[in-house]
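>
In this note's numbering, the protein residues as written are 47 to 444.
1) Use the C-beta contact count for residue 410: other C-beta atoms within 10 angstroms, 16 or more gives buried, fewer gives exposed.
2) From residue 273 to residue 214, what distance separates their C-alpha atoms?
3) CB residue 48 to CB residue 203, shorter than 9 angstroms?
4) Just checking my contact of residue 163 with residue 211 at CB under 8 angstroms: how many whole Å lie between their CB atoms?
5) For residue 373, write down the residues that DSSP places opposite it in a beta bridge.
6) Could you check the C-alpha separation between residue 423 and residue 386 for me, to the nearest Å?
7) Around the C-beta of residue 71, are 16 or more other C-beta atoms found within 10 angstroms, so that it is buried, or is it exposed?
8) Assuming the contact rule is C-beta atoms closer than 8 angstroms, residue 191 and residue 183 should be a hit. Round their C-beta distance to whole Å, please.
9) I need the straight-line Cα distance from residue 198 to residue 317, nearest angstrom please.
10) How would you write the range of the alpha helix (DSSP H) that residue 146 sits in, first residue to last?
11) By DSSP, does residue 311 sit in helix, in strand, or in coil?
12) By the three-class DSSP mapping on this structure, what secondary structure does residue 274 have?
13) Taking the CB atoms as reference points, tell me whether residue 340 and residue 414 lie closer together than 9 angstroms.
14) Please report the residue range of the alpha helix (DSSP H) in which residue 81 lies.
15) Sort 93, 94, 383, 343 by Cα distance to residue 246 and report the nearest one.
16) Assuming contact is defined by CB atoms lying nearer than 9 angstroms, are residue 173 and residue 205 in contact in what I supplied?
17) Would you tell me roughly how many angstroms separate the C-alpha atoms of residue 97 and residue 302, rounded to the nearest one?
18) Would you be able to state if there are at least three C-beta pairs under 8 angstroms between the segment 350 to 363 and the segment 307 to 316?
19) Let me check understanding here. Comparing Cα to Cα, which of 55, 401, 67, 383 lies closest to residue 195?
20) What is the rounded straight-line gap between the Cα of residue 59 and the Cα of residue 66?
21) First and last residue of the alpha helix (DSSP H) that includes residue 327?
22) Mind checking residue 284: buried by the 16 CB within 10 Å criterion, or exposed?
23) Does the beta-carbon of residue 231 have 16 or more other beta-carbons within 10 angstroms, so that it is buried, or is it exposed?
24) Rounded to whole angstroms, what is the Cα-Cα separation between residue 374 and residue 250?
25) DSSP three-state call for residue 188: helix, strand or coil?
26) Give me the Cα-Cα distance between residue 435 and residue 390, rounded to the nearest whole angstrom.
27) Using only alpha-carbon positions, find the residue among 120, 263, 141 that is nearest to residue 169.
28) What are the residues that DSSP puts in a beta bridge with residue 252?
29) Between which two residues does the alpha helix (DSSP H) harbouring residue 339 extend?
30) In its own chain, which residues sit with a C-beta less than 7 angstroms from the C-beta of residue 79, not counting the 5 before and 5 after it?
31) Which one of 241, 147, 264 has the shortest CA to CA distance from residue 333?
32) Spatial neighbours of residue 293 within its chain, please: CB distance less than 7 angstroms, with the 5 preceding and 5 following residues excluded, ordered by chain position.
33) Once DSSP output is grouped into helix, strand and coil, what is the label at residue 33?
34) I need the straight-line Cα distance from residue 372 to residue 416, nearest angstrom please.
35) Just to confirm the assignment: which complete alpha helix (DSSP H) runs, minimum length 4, are found wholly within the segment 99 to 158?
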């Protein structure tokens, strides 16, 4: 499987200037190609192929006075800009025709030098390399200092140089890694994600919600107020913009580090992990949107997915309509309703449940049943017979 290994770069002032030139050239080629295809469509002409775009906007353009400066950067960077546009068009066409699942993808848009993120990509054809001294050698840019937090597992197939809104530079390597199975264990866990607690496991463990954005809200608000008082176009405003971006980057970095550590621990300790397939996009339209985005559930589940695949673990996703919260884990009886303010409840069978722990246990039971049913076994425990009034309960009442 392919993974990305990202490291911090520390270019010199001259190298920053060269990178800025490369960012601008790649952006220009991308925008020229997009404009050429839009003009061809408006004029009723055939779709312009990638080969024609490369000949017209790179090879021939370098011979003109208007685009002669394209020769100052690596040709691979320009070719990869066209490849990015081609990928954007493929995703757009696949979304329009229904071949691509998920949210609809919009048509490609023009890139701006004011975008928060600037990036260029070098493939093996560019002959980038990591020097013996631990620097990253990039064509027509030089040897850039890298902070190696860990070693690369294999030779990278490409590297993307990224500049974020906070002015930081990163090198993102694409490497091929083999599976690293962990020792098998009999432990399995169900996880109920929430806001009061970030995660509650089926064994009763409750992991607090760090609320990184809420904790940094005062500092972010002050930085934004300072930015709002600066004159537009001034150097002081540019400095204030960077300060706001750095504050947000600090929050994102802290959330990512927390998510990495927690997902790694769960994958190491359990042979199988079961989570709900939450519709985060729909939940983010509610009044709890800020808290939901702050929690970062999608990022957490995504990390669980690729780490499980790499280390020989099983990750199961339970249907989002499964009534995990209002179903008794002892007898299977469904409660008529379960408002969010109800944190514990008693079943007529006599069992008293903590809402989140009971939900995690039900997720674990449902995940085990679905996994074994795939092999033909009937293992799901029988539920209590539904009453007439229960048959019309809402699906979203869980």
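Ideal Cβ placement from N, Cα and C applies to all residues, glycine included. Here the structure is a predicted model, which is why all the values come from computation and not from measurement.
The answer reads as follows:
1) It counts as buried.
2) 20 angstroms
3) yes
4) With a Cβ gap of about 7 angstroms, residue 163 and residue 211 count as contacting.
5) 380
6) Residue placement at residue 423 is flagged as unreliable, the pLDDT there being 49, under the threshold of 50; the coordinate-derived value follows with that caveat. Roughly 35 angstroms between the two C-alpha positions.
7) buried
8) In fact, because the Cβ distance is near 11 angstroms, the residues do not count as touching under 8 angstroms.
9) 27 angstroms
10) First-last for residue 146: undefined, no H or E at that position.
11) Note: residue 311 maps to helix in three-state DSSP.
12) helix
13) no
14) 59 to 88
15) 343
16) no
17) 40 angstroms
18) yes
19) 55
20) 11 angstroms
21) 326 to 329
22) exposed
23) exposed
24) Residue 374 and residue 250 have their C-alpha atoms roughly 16 angstroms apart.
25) strand
26) Note on residue 435: pLDDT 44, under 50, position unreliable in the model; no value is reported.
27) 120
28) Per DSSP, 246.
29) Taken as a continuous stretch (DSSP letters only), the alpha helix (DSSP H) holding residue 339 covers 335 to 341.
30) 99, 103, 128, 131
31) 241
32) 262, 265, 266, 269
33) Here the chain comprises residues numbered 47 to 444, so residue 33 is not present and cannot be evaluated.
34) Looking at the two C-alpha atoms, the distance is approximately 19 angstroms.
35) 121 to 143
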